[in-house]
Amino acid sequence: MPANELLRMLRRQPFTPFRMHISGDTVYEIHHPEMVIVLAAAAIVAFPDPANPEMASSWELVDLRHIIRLEPIRSEAGLPG
């Protein structure tokens, strides 16, 4: 996936939470734009610490070539995130 496509989703106003589908059946739910740092060929996905959600407890480096698609997370009522 091109970096600018991921950046466009992260910069959307208002922000819409989305799922990042990765090859190998991995899916990351992105609920805040601060959870992802986009690099030229990869993205750093941070996972909030349950005890302190403003801090990351861990992170993963994802090669942009492995991002298959981005899918908005819809609310239970079927309305946008």
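With our numbering applied, the sequence shown covers 1 to 81. Where a beta carbon is used, it is the ideal one built from N, C-alpha and C, also for glycine. Keep in mind that this is a model prediction, so the values were computed, not measured.
Between the CA atoms of residue j and residue i - distance to the nearest angstrom
i: S23; j: I44; result: 16 Å
i: R65; j: A3; result: 10 Å
i: P82; j: V62; result: Lying before the first or after the last residue shown, residue 82 is absent from the chain, which here runs from 1 to 81.
i: M20; j: E60; result: 13 Å
i: R87; j: R8; result: Past the boundaries of the shown model lies residue 87; the chain is included only from 1 to 81, so the question cannot be answered.
i: E71; j: L6; result: 11 Å
Per-residue burial, residue i [other beta carbons within 10 Å of its own, 16 or more giving buried]
i: I67; result: buried
For residue i, the first and last residue of its enclosing beta strand (DSSP E)
i: A46; result: A42 to D49
i: R69; result: I67 to P72
i: F18; result: F18 to I22
i: P29; result: It is Glu, not Pro, that sits at residue 29 in the sequence shown. Per DSSP, E29 belongs to the beta strand (DSSP E) from T26 to I30.
Boundaries (first-last residue) of the alpha helix (DSSP H) holding residue i
i: L6; result: A3 to R11
Assigned secondary structure, residue i (DSSP; H/G/I helix, E/B strand, else coil)
i: P53; result: strand
i: L61; result: strand
Assumed close pair residue i, residue j - CB separation to whole angstroms, cut-off 8 Å
i: F15; j: I73; result: The pair is not a contact, with the Cβ atoms about 11 Å apart (cut-off 8 Å).
i: L10; j: V27; result: Actually they are not in contact, since the Cβ atoms of L10 and V27 sit about 17 Å apart, beyond 8 Å.
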